[in-house]
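Data first, discussion second: the structure below is written as structure tokens.
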Amino acid sequence: MNWLQASLALTPPVLFLGAALVPFRDEAHRNRTAKRIVEPVAALATFVALIAVAATGLWGPVETTFVRLTSAWSPGVMLDALSATTLLLVSFVGWVALRFSVRYLDGDARQGLFLQRMCVALGAALTLGIARDFVTLAVGWTATSAALHLLLTHFSDRPRAIEAARQKFLISRLGDAFLIGGICLTAFGFGTVEFHELFALAGEPGGANSLTGGAAFLFALAALTKSAQLPFHAWLPETMEAPTPVSALMHAGIINAGGLLMIRLAPLVSLSPGSLHLLALVGAATAVFASLAMATQTSVKRSLAFSTVAQMGFMMLQCGLGAFAAAALHVVAHSLYKAHAFLSSGSVLDAAARARVGIDEKPERRSSLPSVATATVGATAIAGSAIFLFDAAAKPGGVILYAVMGTAIAHLIWSALRTRRRAVVRNAMAIAVALCFAYLGAYWLADRAFAATFSYAVPNRSPWDVAVIAAVASLFIAGFAVQTLAMQNGDRPFVQALYVHLSNGFYVDVYLRRLTSRFRPAGD
Amino acid sequence: MSMQAMAEERSFAVERQAPPYADGRAKPLAERRAKALDEAIAYATDLIPPLWPLADFVAVNPFIGLIDRKFLDARAELRRVRTCETLPSNAWLAEELRSGRISQRDVEAALRRCKRDYPQSLRGWTVEKADCLVRNNSDRSVEADRDRLELLSERVDPSDRSDIARLIQDAVSRFCAAHFDEGQALWPSPWKGVPLYAAWRSAARFDRRMETMGVIGFRRFVERLPESPNDSIAASLRILNVPVEAWPSVLAATLFSLSGWASFLKRVEADKPGEENLLGLLALRLAYEAALAERHPVAAEAWAKETTRSHWLRSQERHGERVLARYVVQTAAECALQRRLLQQIVPTSHVGQAPRKRSLAQMVFCIDVRSETLRRHIEACSDEACSDEAVETFGFAGFFGIACRHLPIGESDGPAQCPALLKPAYAAVETATDERAERVCEERRRAVRLLQKVWKKFQTSALSCFSFVETTGIAYAGKLLGDSLRWTRPAPSPARDGVSGVGIELRLTRESRELTSIERTDLAENVLRNLGLVRNFARFVVFCGHGSEVTNNPYKAGLDCGACGGHAGEPNARVAASLLNDPQVRRELETRGIFIPDDVRFVAALHETVSDQLRFFACDLPEADRGDFERLRSIVGQASETTRAERSRRTSSGAPADALRRGKDWSEVRPEWGLAGNAAFIAARRCRTQGRSLGTTCFLHSYDYSLDREERTLELILSAPVVVASWINLQYYASTVDNFAFGSGDKTIQDVVGRIGVLSGNGGDLRTGLPWQSIHDGSELQHDPLRLFVLVEAPRGAIDRTLQKHPSVNDLFANGWASLGSLEGDEVYLRSPEGNWELRQDSIAATAASLYSAFRCSEESLA
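Order-wise, the sequence lines are chains A and G. Going by the working numbering, the letters in the first sequence line up with residues 1 to 524, in that order. Going by the working numbering, the letters in the second sequence line up with residues 1001 to 1863, in that order.
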């Protein structure tokens, strides 16, 4: 069975990379060939990934090594719940994005090249997903970044594209440095580059030492850099110079690499409270900052980019709180949502027209709003406490996550109540209940699916945990306060200043631009 | 330099010593300066064409402020202040010559014509010279003569090697987007209610962007600026030390550095004239320049000196040889088109007799160039189907003369369904069949929309966006699958929200009251008279509006009916049909000499231009009409198919059935070709063009001079549809010759901003005009950059009389923005720029010759 499962894991990346290497006579031939083959190849890869998911579900996780090179490293692949999920997610999003690109870039003189680069990026991202050791992971990590760089400079005659790609390049190399630093530390410290060996060694009594802590810290920094977290986020909103499918692929398949690294290394990272705290604090700060900055953005793609930064922040927060299964769920859900959001960004006028209410929004004359409101509040309370009581005690920091969900539901019902229309309130309540069940169901599923992946001990609580959770909570409360109060008080100077700074993303992009311009080759 | 100018120069030199905002100068001077400033501002703002927001996107002539200048003079003038090109590329022209599409005789005719236009520049030119200059030239050497007044920000480099002009453009663009945002941002700008300039000053108190970029003290600088935009411009000009004579050019160049937003604001001015937003934009953009001047006095001084170079001052234009050669060859390309087009005109001897038997239907289509193909196929199919019962077609502006606002059920405002030049006087109000049903519909729609709004908030609010993703994200896998396989639309169409399964009627109102029967009859009579349809009514008279059903395309409005303000023409068609079906209106019409037999049914339809299908709105036909109507329906169905087959030759896949996919595909960037290819406007009886394939080059307006004794219809045609057609034509022209300046670039990197326009990539200015994909299929241009040729079947005298009444229309022809011909029997006269008429020798051939170039797609179908 091992070999079968290993080949299931290997097939999707090999298919994508194979599609990228199809020979061609000239550019026109390349365009024709690539257009013809990429979609079937991606569809096949998705199908294989689907089988891989089923196989993992049936037979459990496997690891296969092909050859023993050194005592520290035997190349191989791993197929467990996490890598199977990644395979399916990235292949599926890849299929959607490639299919989209066939018509979307029709007539582009370099469409074939573009499609092949997409395939390389996908193949590399998949390699990263099935890695069982740091070497494979680092190869996938850097190859993804390189392919992405080429995609971002597809319109190489646009100065803005070059500038943006340069910013991204610089941040990515910083991330690479963190990753390679971490790998070196583990390789020399533990004498292995394989995940499970490492987890076993670090997990031994006394394993949670400064070496483990240092490595985990570097990996956490690498993940934060890769996933565009504060203060490394500024490049992401500047990547709109690439065709829309690249954005879809990047926001759905590539930016997750940071989160994936953290989830994959959960057993190691959870041994280092410092790293967890870093993830939680940076993630929460990013989530709050970016979701507020998103609210001030006026262009579709840019606000989607800030939304990604925020969502990645929330995912990092989940990692930092030890809720790795939740983080994995968040990655998958966000990828699918964001891929669709980007590809359908041309429909913004249709979507806006649907939410436009032309006639006065006066309330119904004869209304039983008070009773509806009472029912709503009751229902919310029940749903909220159900969520809250759901093993809140077992998961450290879970309180925060449940509170976020509770607030969101309350917000939904509150804004429905403000319309003062029975039909709306009734539907919104039905939706709220459905959402609560969807939430619980998804978590239950994710917990079960990824249980095997995270077989590690819950770290001991320390007073610092409480402080971090308190800090995270106050960040969120501050964010919520700004959202609810500030927007209605636009005439206060403080609010105005905050608006201006937020809409400018706190000028981080300017600093980044100044930094990168130093690295510009002379005469450019 | 004249004595007076020198004296003035000296007096300003003295004044320059004064501190920037000090008051109390000599009064006459101050007055002179104020007047000069007003003139300079008027000059700059007049050059800007308006831009409509995406939802009502209609074509605009990008040279609208320049039509009182001659074509080449306008080019020179524009290029002094804006990086742009207004002539086709040399490569394209050379290819036209090489391929033989332009004949030697065309070049001769063109040179004759051009010599009269630019006698001094073209003195002594020969055909060989023009020909040779274009053939042996490359576009690169043409680029070299580009010489534009650069702004100070394009010269200085304050901090590290960043491009400060681009950064300023980004900053202003972002600010404008926030100020005019129509609901994209959940947290709107706090200064949305105030005029642009005041808002900018308030925001600039907090904004540290410029200072982070190295312009230290910018916030303090802005605080010191005067409160009114006018004074602010004066203050900035003083700081920049620009001499008075260079003000117009400097202000125009400043405004053109944000031409997209300036155009958008030009349009906003019409709604909010008091806010002086365009002036505000000029003031704030100039303030950045002034701030830089304070930081970089040496560079500023050098720059200010340069603005006085005689080149920047308005004077007699001189045109380079290469430019003139290109102009001659371009005119030759237009002559070639005229030649080919005139060969397609049916000679009087071949004009068929009016059918003795009554026609089955008379179908009225929009003048849009896309109608011609379907019209021709419907006529052909009806000939085949039942030779004794013909279907006649007409061309008329697609709003059918009813300038109304369309108010969907449950909404208090709606789109203006009329050309951008008009203000809607009426409202077409959607109503359900009975009052109860209407209340239910309204309530249901409101509930659906409000729930959508609540949901949207849940999706984007900082409070709930994380939970939104966690709870619904997985479900997007299904949506991705459905949208990819075209099972679903990314965003459902809002038109049927809460009203599905309910019969909706349109009621025409004026200022929220019902129309009197006189008013209704007036409208109806106007439609029929302007259409030239006052007798011999067929069994069915069909008003066919048109619209484009596309998915995931922010430029949908650009593909919809321009005569309906960038919307589908369905409401107008339905209103027109119901007016003319009204028995009372018919009785009234009878007293005015238009007798409509009782069995004539007026029917509305929508021509869907992606798939060329026709959707009828005729659910209430009497039983007796059903049989005939079914015959009409089958003829039209057949015609749709053959039309698709003809049009599909122009698409990459070439399969007719592909047209049915394009409209539904969310990844399709070229659902249809829109009005690409337009080059001529023909106002004539249909019999003069019937049976001849005109491809997608012609706007066809039905016009019968014999029915227009008072020349009122002629006046209407020349002053309205012709102007709109010329706007469309020049928009396509400009987007083709310089997509960077006048078009909106590559669709794949467009980003919809504020729900009003698009940006390219990471930022920059608001884009105007057409995307590159709308005019180019990847291997070649799908639109030939040719100026409109207007051919009217009317006597020369009548045309002259009409043009005298409309000087702005006359400008179009006199200054070379379009050309005009008169079709008198079998003779064609071309109007020269001075207003004389010349007989074209080779006018009308007895047989149709083959067409190519602009007629590319239809050439085979003719065979």
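Using N, Cα and C, we set each Cβ at its ideal position, and we do this for glycine too.
Just how far apart, CA to CA, sit residue i and residue j?
| i | j | result |
| --- | --- | --- |
| L150 of chain A | A1557 of chain G | 34 Å |
| T1460 of chain G | A295 of chain A | 7 Å |
| L52 of chain A | D80 of chain A | Looking at the sequence provided, one finds Ala at residue 52 of chain A rather than Leu. Approximately 9 Å between the Cα atoms of the pair. |
| N1581 of chain G | A351 of chain A | 36 Å |
| L128 of chain A | V38 of chain A | 21 Å |
| S335 of chain A | L87 of chain A | 13 Å |
| G259 of chain A | S517 of chain A | 29 Å |
| D133 of chain A | V193 of chain A | 6 Å |
| N1241 of chain G | T1509 of chain G | 57 Å |
| G1183 of chain G | K1453 of chain G | 11 Å |
| W1370 of chain G | R1358 of chain G | In the sequence as presented, Trp is not what sits at residue 1370 of chain G; that position holds Arg. Roughly 27 Å separates the two Cα atoms. |
| R1489 of chain G | K1747 of chain G | 19 Å |
| I1041 of chain G | V1758 of chain G | 27 Å |
| S1648 of chain G | T1642 of chain G | 10 Å |
Per DSSP, residue i is paired with what?
| i | result |
| --- | --- |
| D1751 of chain G | G:L1759 |
| S299 of chain A | G:V1753 |
| A1428 of chain G | G:H1406 and G:L1508 |
| Y104 of chain A | Y104 of chain A pairs with nothing; no bridge assigned. |
| V1541 of chain G | G:Q1362 and G:F1602 |
| C1561 of chain G | G:H1567 |
| W1837 of chain G | G:R1831 |
| R1513 of chain G | G:R1510 |
In this structure, does DSSP put residue i in helix, strand or coil?
| i | result |
| --- | --- |
| D1628 of chain G | helix |
| I1682 of chain G | strand |
| F169 of chain A | helix |
| V93 of chain A | helix |
| E204 of chain A | coil |
| G313 of chain A | helix |
| R1692 of chain G | coil |
| L1621 of chain G | coil |
| T1609 of chain G | coil |
| Q1638 of chain G | helix |
| S1202 of chain G | helix |
| Q1417 of chain G | strand |
| F1396 of chain G | strand |
| T65 of chain A | strand |
So the candidates are the options; which of them puts its Cα closest to the Cα of residue i?
| i | options | result |
| --- | --- | --- |
| D1598 of chain G | G:C1465, G:N1536, G:L1506 and G:S1693 | G:N1536 |
| Q297 of chain A | G:S1202, G:A1177, G:S1640 and G:E1275 | G:A1177 |
| G1637 of chain G | G:F1394, G:H1377, G:L1111 and G:G1260 | G:H1377 |
| L1694 of chain G | G:A1679, G:F1602 and G:F1057 | G:A1679 |
| L1614 of chain G | G:F1595, G:H1546, G:R1592 and G:A1563 | G:H1546 |
| Q1584 of chain G | G:A1524, G:V1534 and G:I1635 | G:A1524 |
| G1498 of chain G | G:R1155, G:A1659 and G:V1448 | G:V1448 |
| Y1288 of chain G | G:Q1782, G:D1147, G:S1232 and G:R1322 | G:S1232 |
Would you say residue i lies against chain B (beta-carbon separation less than 8 Å)?
| i | result |
| --- | --- |
| A121 of chain A | Checking the listed chains, one finds no chain B in this structure; the protein chains it contains are A and G. |
Given a limit of 9 Å on CB to CB distance, which residues of the segment 319–336 of chain A reach chain G? A326, L329, H330, V332, A333, H334, S335 and L336
Can you give me, in chain order, the residues of the segment 232–244 of chain A that have a beta carbon less than 9 Å from any beta carbon in chain G? P237, E238, T239, M240, E241, A242, P243 and T244
Closer than 8 Å, Cβ to any Cβ of chain G: which residues of the segment 299–311 of chain A, in chain order? S299, V300, K301, R302, S303, S307, A310 and Q311
If you measure beta-carbon to beta-carbon, which residues of the segment 27–58 of chain A are closer than 8 Å to chain G? none
Which residues, in chain order, does the segment 1498–1514 of chain G contribute to contact with chain A at a C-beta distance below 8 Å? none
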